[in-house]
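Here is the structure we will look at, set down as structure tokens.
Residue numbers (our numbering), protein chains in the order written: chain H, 2 to 938; chain Z, 1425 to 1959.
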């Protein structure tokens, strides 16, 4: 079947008349490209091309008005609107509504609606009968219903609506006169103006012979203009129709054509025999897949098969009613064709430069004076553009920030090393944001280290920034307001793809298929919402009012999409249709009604299949690390001392008891969790602060008194000391300026209070206990070598005891616990049990007791290990000490041999070769394990 | 199979059933020829797939190359999925960069920086390709599902690796990260009772029919208020739902919630029991004590049967089964039809950027920027654009205006451009082109048979005389002359007898006439070559 446009081109050439004075008008640009190609296929010698115009170009040729871009129009509208209704909103907030209003005005004009009447407050219904005699009774009914409901209600929203509504008529008039005064117009305004003034140009030389090709769903203005040319200039109109939908009343695809066929002017432009291609034999295959990516990948496979059977890419189109799948489609099909052409562009918002600008805005919005928040800073330092000129510098900065745990980073630290960093890490505000961003974009665009594509992004962003400056100057109410507007402007911007436009596989949106015919047609996303699209752009004009004034409504849009769908397949020979079998959570997005119609009504033979790949379950193999010589070597290193590591700590043993594999990863391979700036004061930070404060307090006390004896009076000024110690600890933790007071806010404030209360509670207990002797705080470097019966013969334990104190013959081994730790446990054996509840705190304190006793060689007296924790500090009833089998341990000495025995066999297992490092079977342990992803848990 | 539905109370139960059936199918106990296919939109977790874990590890690594856990996971998964034969454990030792990279494809190591610049979806598509995941058939379903998540995330949220990873960690255990299957295939459906509302199936299976009637875990918070002294001024406060509340001043709230919860759970039982057309199979644990309270639906069912003599007639005490009616094998015409299926053999993925590029206007722009650092803008560049819309001297202002509107020139640069333009007009040849005595067409489109369109920047005509001008932004090149000669040739074929051709280099305002005689021979060789090629 020859394409629609080819037939017309052929007809034109066959006339053998010069073409340069012929004007052909098409619905879109792509149609003109194909038409021109068909013309060159039909000619023998070079010729001047006829004028091939889109309808917009054609119409604007009759006017001297210029149509500015949307930003400028909305901004002008903002000014007019602001003067009319005392607007308090900033421009960025107005923009969305402004766009909507502009669209409404545009439609009102394109559909030649009397705006004065439309925007009239008709809540007083009497006028309806008298003034609006041009409306049909049906249309009046719509208006009556609408205004009736408005009148009936008194809600605030309805009041507000009426208020805005009343002003819109004036805004409309003033906006138009303001624009025309400046020689400007929005598109609808221009169209209306041309449509209304056509008669004046009746005798002018004008555009010569004009034909209109492939239109449907014309606006009233377009209709009027085309009709004028048909009547006065005997213009041809070529309709691209098929009897299938034209002659069947219920086929919405033919709705507009049926109307035009009844129009006294247009009637004669329809051919006597209407083409009947749609129901001619063709192969139609329908494919269902769950979710978009399945469709896209199946498309790749089906296309590959078709190509291998001789289908030519040049005769093939892939239509994407849902543009979101463009990138997956490109990845899916590009391997099977040599070249492809895409009418849609690459979204500016998917570029790394957009990410960078967003981060920069985060940086500036979150800035406090000369300090930047760590989040955007870390992200920016890792951004490909930021690292490009000097990766090491950026990396070193990032590392330093993490090491110093800098929540807020001074700008001077950052604004060095590369040009880009010097430009980025300075403070800016809403007044200087434009030059600030422009300098950054220019700097990136001129970098030697980036690719062509990156320069392209920079170029487009520069254009956006320039436009913003041109229209709005530097007047933004805040950085947020700038960002909001910037985002709105970037959202719909696309960078065009380049490629030989008519060569290779064609990929296009639904609207671009107008007038084009391909032998092989693939259409994706045939679901409600994509085709027909549910995208309603929003409007100030309610449905009923639109209906009354014959402005386009949802039904209008559905009919338009129906036509696009049927038209795109009517001349094809091989049709491949894809849809998503799954509806969304709201049950929306089922198979497109057009596809259902084709299946059930058309009588075409279809093959319908569903994508279903069987699911092969994975046997998740257990991870077992056998103790080969390499592992054993690493294990033995645990016994060797080093600057940072002295012996095996009780917490490491706890990890080993939890999960042997976790121990292996953490303590043998030393795979550490990634450093992050700790901003949140989580439980760990809280614990660290308390430990720090307690240690310092007693160290300073002992220092001051030159004695380890603690007395009641030592706590007289504890509160003041506490505040200072806490300040110091916080400064140290966050690398704050030691000279400045600490700024407690939000979470820090809460944590300060909790630490203080905790510490005060300990002081209170200590004061009651005084006098006593501090034997040591934060005892580091304490090691104990346990003799093993197996290789390597020993195990070195190490750790840090929070505090040891003595009163009389009672020595307390103390661990501060800020969490939920309990003192109770069942038996010594229970401290070594795996995969059941185990008291880790008790285990730890018992290890400390053992270490202390073995180091000091104490043989008599009492050794009492215990916790100073939430449960015994804040509960009067409970006292210090671990509780075994409901009995408080008043002396741990007799228990140590049993404990040591268990510990020994545990360590013998650890160092022995029999037991490999394997995964725990208790998946509860895995929930908080940093390695759970490796184990799939 | 399509007529069977398995209803569960919670997704986790569904996950257990799916895992069990899939394992059963692959075990020795599976009967040959029996279809064990199940589908579920909630019960199959995507992150049980090695390929997905590999992608996630790669994303984590790209986000922070110093993240040791991500490195370990990446090397480990790459090793696992490609079965390199090296011991799995070895891959976990990743502190050595060279050793670490030996587990990864070269393409990945080489492209690390470029990869980071890709938008999220393209990044994952490329990673699939680079790691060769697209050829592993068993992984395709999971890759698809994962990419669907990435696609929907990136069209909704910020296109950023960290944002995605954060989202993933928060949602990986939820329905959002589970596999979606098409409905129209011959497989038993597993779905929650909540999702089954309003649906019906020939046969319904309800395992785990033993949920608690009261809240079992995740006790909700109740917002309560009391007039008792202690709480009088507190207004509404949240308290954890618990039976202890029954003895407090908040007992009213407790009772209300208790009743509501019972009712909800009974309703759920009703929904579950009323989905079946032909058969209903329910399994539940038998109560341990005969007369325990009916705190769960299973005990409630048990009690209900025991208490009703009529129902007890059908009670099989030994097997603890209550049965009524018979389960028939359905006649073939009673079985629902399923559509034919098609299988995806590989996950097609390739780099489109080789085939298609975004338009390059920026490179040139910034090249020029580099030559003359930022502030000073070279105005010659704009002349090309101005000249391509300008026909006559009197159209200068409107032509410039349109350039401002397109955002290419800023208003304050306008004067400078104007100056450059008038400098150009000082050349009498150039100036004469803009005279009204010519019929002028700019950006003229000439159609050449078989070759397509030739676009001439500027064409001036008087009778049989034609002058063609081409504007160039670059430095003079041979190629430019050949192009103009070609235009002249076309014009002659169009019956213009007097044809002149010029080149105008806008950066320096240099004009060059192109003479056909000098290079005529060259054209001829071109033509003959063309002929040779064709014959």
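All residues carry an ideal CB built from backbone N, CA and C; glycine is no exception.
Requested in this report: Using beta-carbon positions only, say whether residue 526 of chain H and residue 348 of chain H come within less than 8 Å of one another.
Outcome: no
Query raised in the report: Helix, strand or coil: how does DSSP classify residue 1907 of chain Z here?
Result: helix
Query raised in the report: At a CB-CB cut-off below 7 Å, which residues of chain Z make contact with residue 534 of chain H?
Result: What residue 534 of chain H touches in chain Z: nothing, since even the nearest Cβ is about 15 Å away.
Requested in this report: Using alpha carbons as the reference points, say which of H:628, H:61, H:655 and H:318 lies closest to residue 193 of chain H.
Outcome: H:61
Query - DSSP state of residue 55 of chain H mapped onto helix, strand, coil - result: strand
**Report entry** Minimum length 4: unbroken alpha helix (DSSP H) runs contained in the segment 1584 to 1627 of chain Z
**Finding:** DSSP runs (the alpha helix (DSSP H)) wholly in the segment 1584 to 1627 of chain Z: 1585 to 1595 and 1617 to 1620.
Report task. Quickly, what does DSSP pair residue 239 of chain H with across the bridge? List them, please. Result -> H:214
Query raised in the report: Out of curiosity, what's the CA-to-CA distance linking residue 220 of chain H and residue 293 of chain H?
Result: 34 Å
Report task. Would you check if the segment 462 to 474 of chain H and the segment 340 to 347 of chain H touch, i.e. whether three or more CB-CB distances between them fall below 8 Å? Result -> no
Report task. Quick one: which unbroken alpha helix (DSSP H) runs of 4-plus residues sit fully inside the segment 1642 to 1700 of chain Z? Chain order, please. Result -> 1675 to 1697
Requested in this report: Compare the beta carbon distance of residue 815 of chain H and residue 896 of chain H with 8 Å and say whether it is the shorter of the two.
Outcome: no
**Report entry** Span of the beta strand (DSSP E), counted from its first residue to its last, around residue 804 of chain H
**Finding:** 795 to 808
Report task. Give a yes or no on contact between the segment 701 to 714 of chain H and the segment 739 to 748 of chain H, applying the rule of three or more CB pairs nearer than 8 Å. Result -> Output reads no: the segment 739 to 748 of chain H does not touch the segment 701 to 714 of chain H.
Query raised in the report: Are at least three pairs of beta-carbons, each pair with one atom in the segment 237 to 252 of chain H and one in the segment 271 to 280 of chain H, less than 8 Å apart?
Result: yes
Requested in this report: Indicate the three-state DSSP secondary structure (helix, strand or coil) for residue 5 of chain H in the structure shown.
Outcome: Residue 5 of chain H: helix per DSSP, three-state reduction.
Query raised in the report: What are the residues of the segment 1745 to 1778 of chain Z that lie near chain H, defined by any Cβ-Cβ distance shorter than 9 Å?
Result: 1762, 1763, 1764, 1765, 1766, 1767, 1768, 1769, 1770, 1771, 1772, 1773, 1774, 1775, 1776, 1777 and 1778
Query raised in the report: Closer than 8 Å, Cβ to any Cβ of chain Z: which residues of the segment 577 to 597 of chain H, in chain order?
Result: 582 and 583
Query raised in the report: In this structure, what does DSSP give as the bridge partners for residue 509 of chain H?
Result: H:320
Query raised in the report: Nearest-angstrom Cα distance between residue 836 of chain H and residue 786 of chain H?
Result: 27 Å
Report task. Please decide whether residue 1840 of chain Z counts as near chain H, where near means a Cβ-Cβ distance under 8 Å. Result -> no
**Report entry** Completely contained beta strand (DSSP E) runs for the segment 855 to 937 of chain H, where each covers 3 or more residues
**Finding:** The qualifying runs are 863 to 870.
Query raised in the report: Taking 7 Å as the cut-off, does the CB of residue 724 of chain H come closer than this to any heavy atom belonging to the ligand ZN?
Result: The model depicted lacks the ligand ZN and carries no ligand whatsoever.
Query raised in the report: According to a CB-to-CB cut-off of less than 7 Å, which residues of the segment 22 to 40 of chain H neighbour chain Z?
Result: Within the segment 22 to 40 of chain H, the residues whose Cβ lies closer than 7 Å to some Cβ of chain Z are 37, 38 and 40, listed in chain order.
Query raised in the report: On the three-state DSSP scale, how would you describe residue 1861 of chain Z?
Result: coil
Query raised in the report: Since residue 1583 of chain Z and residue 1544 of chain Z are thought to touch, with beta carbons under 8 Å apart, how far apart are those beta carbons, to the nearest angstrom?
Result: At roughly 5 Å, the Cβ-Cβ gap stays under 8 Å, so residue 1583 of chain Z and residue 1544 of chain Z are in contact.
Query raised in the report: Can you give the Cα-Cα distance for residue 497 of chain H and residue 1442 of chain Z, rounded to whole angstroms?
Result: 46 Å
Query raised in the report: In angstroms, rounded to a whole number, what distance separates the CA positions of residue 937 of chain H and residue 1513 of chain Z?
Result: 15 Å
Query - Below-8 Å beta-carbon distance, residue 332 of chain H vs any chain Z residue - result: yes
Query raised in the report: When we look at the beta-carbon of residue 459 of chain H and count the other beta-carbons within 10 Å, is it buried (16 or more) or exposed?
Result: buried
Query raised in the report: Closer than 8 Å, Cβ to any Cβ of chain Z: which residues of the segment 92 to 109 of chain H, in chain order?
Result: none
Requested in this report: List in chain order: all unbroken alpha helix (DSSP H) runs of 4+ residues lying wholly within the segment 260 to 315 of chain H.
Outcome: 293 to 309
Query raised in the report: Who are the near neighbours of residue 533 of chain H in its chain, counting only those whose CB is closer than 6 Å to its CB and skipping five residues on each side?
Result: 559 and 562
Query raised in the report: How about residue 325 of chain H: is its C-beta nearer than 8 Å to some C-beta of chain Z?
Result: At a cut-off of 8 Å between beta carbons, residue 325 of chain H contacts chain Z.
Requested in this report: Just list the alpha helix (DSSP H) runs in the segment 431 to 457 of chain H, keeping only unbroken ones of 4 residues or longer that don't cross its boundaries, in chain order.
Outcome: 434 to 446
**Report entry** Pick from Z:1912, Z:1457, Z:1881 and Z:1898 that is closest to residue 1890 of chain Z, judged by C-alpha positions
**Finding:** Z:1912
Query raised in the report: So what's residue 98 of chain H in DSSP terms, helix, strand or just coil?
Result: helix
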